[in-house]
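Mapped onto the working numbering, the consecutive letters of the sequence shown carry residue numbers -6 to 775.
Please read the structure below before turning to the comments.
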Amino acid sequence: MMHDNLDMATSNSLNLKAKGQMRENMKAIFYNMHNCLIYNMIFVLCLYRLMDATNRIYCYIFVGGKLVQKNDGQWEYLGGRSKGIHIYKGMAFEDFTKKIIEKFDISLDVMKMHYTLKFNPRVIQDLEDEDDLDNVVSHSDDFANVYLVDLPSVEAIEANIPNSQLAFRDPPITFPSSNASCDPIRNTMMLSRGFASRSADTEYIPLESIRFREAILRSGHTFKNAEEFLNAIYQMSLGGRFEYKYKKNSPTHMSVKCSVDGCPWKITAHAVEGNVILRVHTYQVNHNHIAQDECSSKVKVSSKRGAVVVEDVFRTTPDYLPRQICKDFERDHGVQLTYNQAWHLKEKAKERIYGVPRDSYTFLPWLCHRLREINSGTIAEYTSQEGHFMQLFIAHAFSIQGFIMGCRPVLAIDSCHLSGPYKRALLSAIAYDADDGMFPLALGVVSSENYEDWYWFLDKLKGVLDGKEVVIISDRHQGILRSVSELFGTGNHAYCYRHVKENFSSFFNKQTIRGKKGKEDALLLLDSIAYARLEIDYNEAFEKLVRFNENLAKWVAENNPEHWAMSKFLKKRWDKMTTNIAEAFNAWLREERHQTIYTLLLMHMDKLVAMLDSHMRDTQKWKSVVGPKTEEKLMSNIMRSGPISVLPYLGGTFKVFTGEVYLVVDMNQRTCTCMTWQMSGLPCAHVCAVIRTLRHDVYDYIDPCFHVSMQDLIYSGQFQPLPTHNMPKLCDDRGYVIDCAGNSFPACQTPYVRRLQEDPDDCALNHSFVIREQFIALDAME
């Protein structure tokens, strides 16, 4: 018995020790798991911050298929193949296209790129430049989709063009068939020692080459100067595919011969009576080459002379790419260009059309002076640092007068990249005319979109408003937030709801809510919050969102709804919720944004006048005292007023019943408890019901800013064109430009350019980017 008790005690003691040891082991395990979990969380957070800092996403590229819209409105890419590349914010569009070309080994010249956003997959958008590429990165979470679609063939395009338009097209280029040598004219050409004699019967002879071969027609042909003569010689060498050399090269005497020894081809030209005009004297254009001469013949590549060849193409196609130039030169002239040579050709051609880029800044002070001089009241100002261009602000007198006299006090501001020489950023302030048409008020050219540049631009903008209080709508850029608050007041700053909605959509994607329907419901709830005009409706919609997901509701509360929700914004914003009109302005200037600053301003001026004139002419077509867009909104409200019952009260007030709620309309104070009349300036459905009861004229209850008389007032100013025949001349010794009247202006130099360089080795080793800033004047590189 005693032994049994001892054994039991020993057993209990061992059990207690084992349990204690087990508890210690469990504590150690949990401690290690806890530490591991913490380290994992820290690692994930660091990784997330790193990803967020670099802003790189994975992009799927779809090639070889076709885009088809499904029944639900979304787009699907059928067929083809796909590969992925990494893209990042600020990536050069040329680098993006180069990656695609290298990945797929294809040509993008016969393709068009599109993309969709996760925020709205039913809308397909064109991907054409850096701005579009930034949109892909900014509005995608972890990945993006880009679709490549073949451009329609010439036959497909012409199938949709009326015959009357085709009649004015150039004759098509024909390809000789295998029996083309039966043509007696063709046989005659083959007997000569010109270019045609060196072509196989089936070779395609481009019209360009034929035209170049005949750049000089005969003895006695005159050229306005030696430069034009030299260009013609180069074109002949391209068309005939031969080399030449100069025996004499002076402004008064030119002599050129074929590089092949013994070849009789020779052209000479002399100045006419001592002036700069050249006249062809000797004209011997037949060659005498053997086979080896043809094999070893190589046309010289000259960016200065070759620019003449592609100049006409650039006038009609500003986006003519260097890779396409390489292909066209090899196909049309048998000359293989490197990418660098083609790029220089492109730049030289642009210089011939638009002038030397650095000269566009040289004449900027004179241009600002002339803009103020020809249209009194125009604001055209620039700043410089040590003579180098910094900032430019332009507000034409016509726009200032029209805005002050008739436009509603609301402005949409935005920015976009300038992809021309020296890059820069274009800032703009856009107003609405009486029928919601685009009415540009001001634009600026600055180095970037930082706080200093935005403050300078908005300070100048405030100066042209003549004390008029305005509401500014923007995309919540950090530089804009601070500068608008300081200059116009926080209460006058409305946030673009479209950008808010996109940010909300991105935040939603990070939640654990699953299903497409869930996201659609969340976005609908956000719409209800944003467009609620009454506080009670806002609170009701917000409570629904709280019940749907508390994190989403918290996001709304923390993202300043007082700047984008209708019921919270205290100032009158005329139902303008987005910056779409400012972004439309950016797209409107898509081609001009590739030009030099001087050309940009002149082209914008011409385009602005054309648009303003179009709006004025359209006003004459208005069928009532308001424009078509306003008329459409009014008709919609009138149609919805049918079921509404009206009970007159005293003092010009009316009680209206919608079938669900009672509202009060005060015709004397021009108010309705739904707040639509007060916020938009247009009678709501409840007011329209009262107007129908009273048999009054509905146009009498529309805010005057929508009337045709106000539209006429907006477009009542004068806009004088800018003559450029009296361009000033540069006085090199003083660094000034002098106009025809003897007035001198300081010659503005090209801007400093900040270049950001990424060190990939440091990125790989340290998981961070080493950014180095270099400030250089590009004219020192040229």
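Glycine included, every Cβ here is placed at the ideal spot set by N, Cα and C.
For clarity, every value in this text was computed on a predicted model and none was experimentally measured.
query = Between the segment 302 to 311 and the segment 261 to 272, do at least 3 Cβ pairs fall closer than 8 Å?
reply = no
task = Write down the C-beta distance between A740 and T355 rounded to the nearest angstrom, noting that I regard them as a contact closer than 8 Å.
result = As a first step, residue 740 is located in the sequence shown; it is residue number 747 there, counting from the start. As a first step, residue 355 is located in the sequence shown; it is residue number 362 there, counting from the start. That belief holds up - the Cβ atoms of A740 and T355 are roughly 5 Å apart, short of 8 Å.
message = Quick check on D568: does DSSP put it in helix, strand or coil?
response = By 1-based counting over the sequence shown, the position of residue 568 is 575. In this structure, D568 counts as coil in the three-state DSSP scheme.
query = How big is the Cα-Cα spacing for G66 and R526?
reply = Within the sequence shown, residue 66 is the residue found at index 73, counting from 1. Within the sequence shown, residue 526 is the residue found at index 533, counting from 1. Cα-Cα distance, rounded: 30 Å.
message = Measuring only the C-alpha atoms, how far is A577 from I226?
response = Counting from 1 along the sequence shown, the entry for residue 577 is found at position 584. Counting from 1 along the sequence shown, the entry for residue 226 is found at position 233. For A577 and I226, the distance between alpha carbons rounds to 46 Å.
inquiry  = A342 and V776 - do their beta-carbons sit closer together than 8 Å?
reply    = As displayed, the chain neither begins before -6 nor continues past 775, which places residue 776 out of reach and without an answer.
message = What does DSSP give as the partner residue(s) for I780 in the beta ladder?
response = The question about residue 780 has no answer, for the chain in this structure spans -6 to 775.
inquiry  = Here's a check: name, in chain order, each residue in its chain whose Cβ is nearer than 7 Å to the Cβ of S377, leaving out the five neighbours to either side.
reply    = As a position in the sequence shown, residue 377 is number 384, starting the count at 1. Same-chain partners within the cutoff: M383 and C741.
message = I'd like the ranges of any beta strand (DSSP E) spanning at least 3 consecutive residues and lying wholly in the segment 511 to 566.
response = none
query = So, helix, strand or coil for G482, using DSSP?
reply = On the sequence shown, position 489 is the one that residue 482 refers to. Note: G482 maps to coil in three-state DSSP.
query = Closest by CA to Y694, which one among Y276, K494, Q704 and L675?
reply = For the purposes of this step, residue 694 is taken as the residue at position 701 of the sequence shown. If we check each option's Cα against that of Y694, L675 comes out closest.
inquiry  = Nearest by alpha-carbon distance to C733: which of W359, H389, D611 and A390 is it?
reply    = To locate residue 733, count along the sequence shown from 1; it is residue 740. Closest by alpha carbon: W359.
query = Measuring CB to CB, does E584 end up less than 8 Å from H597?
reply = Your numbering for residue 584 matches position 591 in the sequence shown. Your numbering for residue 597 matches position 604 in the sequence shown. Going by C-beta atoms, E584 is not nearer than 8 Å to H597.
request  = Within the same chain, show all residues whose beta-carbon is closer than 8 Å to that of G484, passing over the 5 residues directly before and after it, in chain order.
outcome  = As a working mapping, residue 484 is identified with position 491 in the sequence shown. Here the set comprises L563 and K564.
query = Nearest-angstrom Cα distance between G380 and C361?
reply = By 1-based counting over the sequence shown, the position of residue 380 is 387. By 1-based counting over the sequence shown, the position of residue 361 is 368. Going from the Cα of G380 to the Cα of C361 covers about 16 Å.
ask   = DSSP state of F501, grouped into three classes?
value = The residue labelled residue 501 in the question sits at position 508 within the sequence shown. Helix, per DSSP.
inquiry  = Looking at the secondary structure, which residues open and close the beta strand (DSSP E) in which L360 lies?
reply    = Residue 360 sits at position 367 when you count from the first residue of the sequence shown. Careful: L360 lies outside any beta strand (DSSP E), inside the alpha helix (DSSP H) at L357 to I367.
query = Residue range of the beta strand (DSSP E) that D119 falls in?
reply = Position 126 of the sequence shown, counted from the start, is the residue given in the question as residue 119. Element bounds for D119: N113 to D119.
task = Consult DSSP for C667 and reduce its assignment to one of helix, strand or coil.
result = Numbered from 1 along the sequence shown, position 674 holds the residue referred to as residue 667. If DSSP states are grouped into helix, strand and coil, C667 belongs with coil.
Sequence ranges, beta strand (DSSP E) only - wholly within the segment 52 to 140, length at least 3 = 59 to 62, 68 to 71, 74 to 81, 104 to 110 and 113 to 119
key: Cβ neighbour criterion (16 or more within 10 Å) applied to C79   = If you number the sequence shown from 1, residue 79 lands on position 86. According to the sequence displayed, residue 79 carries His and not Cys. By the neighbour-count rule (16 or more Cβ atoms within 10 Å), H79 is not buried but exposed.
ask   = Which one of N552, H410 and G299 has the shortest CA to CA distance from N579?
value = In the sequence shown, counting from the first residue as 1, residue 579 sits at position 586. Checked all of N552, H410 and G299; the closest Cα to N579 is H410.
Chain-order list of residues whose beta-carbon lies under 8 Å from that of M672 (same chain, five-residue window excluded) = Walking along the sequence shown from the start, residue 672 turns up at place 679. The answer, listed in chain order, is R526, M559, K565, R566, W567 and D568.
ask   = Going by other Cβ atoms of all chains shown within 10 Å of its Cβ, with 16 needed for buried, is G255 buried or exposed?
value = Sequence index remark: in the sequence shown, residue 255 carries index 262 (1-based). When all chains shown are included, G255 counts as exposed.
task = Would you mind sorting H280 into buried or exposed? The rule is 16 or more other CB atoms within 10 Å of its CB.
result = In the sequence shown, counting from the first residue as 1, residue 280 sits at position 287. Buried, because 16 or more other Cβ atoms sit within 10 Å of the Cβ of H280.
query = Exposed or buried, which one is I529 when buried takes at least 16 other CB atoms within 10 Å?
reply = Within the sequence shown, residue 529 is the residue found at index 536, counting from 1. Under this definition I529 is an exposed residue.
key: M247 - partner residues in DSSP beta bridges   = Within the sequence shown, the letter at position 254 stands for residue 247. In DSSP, M247 forms a bridge with N242 and A262.
query = Going by beta carbon distance, what residues of the same chain come within less than 6 Å of P155, once the five residues before and after it are set aside?
reply = The count along the sequence shown starts at 1 and reaches residue 155 at position 162. Confidence in P155 is poor, its pLDDT being 36 and thus under 50, which makes the residue's placement too unreliable to answer from.
inquiry  = Assuming contact is defined by CB atoms lying nearer than 8 Å, are Y239 and Y140 in contact in what I supplied?
reply    = In the sequence shown, counting from the first residue as 1, residue 239 sits at position 246. In the sequence shown, counting from the first residue as 1, residue 140 sits at position 147. Taking 8 Å as the Cβ cut-off, Y239 and Y140 do not qualify as a contacting pair.
Straight-line Cα distance separating R234 from K59 = Working through the sequence shown from its first residue, we reach residue 59 at position 66. Working through the sequence shown from its first residue, we reach residue 234 at position 241. If you take the alpha carbons of K59 and R234, they lie about 41 Å apart.
key: Given R335 as reference, the closest of R324, Q711, K320 and L517 once Cα atoms are compared   = The residue you call residue 335 lines up with position 342 of the sequence shown. The question names Arg, but residue 335 is Ala in the sequence shown. Ranking the options by Cα distance to A335, first place goes to K320.
query = Less than 8 Å separating the beta-carbons of D407 and S392?
reply = By one-based count along the sequence shown, residue 407 stands at place 414. By one-based count along the sequence shown, residue 392 stands at place 399. Not closer than 8 Å, so no.
inquiry  = Taking 6 Å as the limit between beta carbons, can you name the residues of its chain near I94, skipping five residues before and five after?
reply    = The residue given as residue 94 occupies position 101 in the sequence shown. The answer is none, since no qualifying residue turns up.
message = In the DSSP assignment, the beta strand (DSSP E) including Q317 goes from what residue to what residue?
response = Mapped onto the sequence shown, residue 317 falls at position 324. Unbroken run through Q317 is the alpha helix (DSSP H), P315 to H326; no beta strand (DSSP E).
query = From N242, Q285, P402 and E121, pick the residue whose C-alpha is nearest to that of C698; which is it?
reply = Numbered from its first residue, the sequence shown carries residue 698 at position 705. The shortest Cα separation from C698 among N242, Q285, P402 and E121 belongs to P402.
inquiry  = On a Cα-Cα basis, can you pick out the residue from K250, I397 and H337 that is closest to E462?
reply    = Numbered from 1 along the sequence shown, position 469 holds the residue referred to as residue 462. Closest by alpha carbon: I397.
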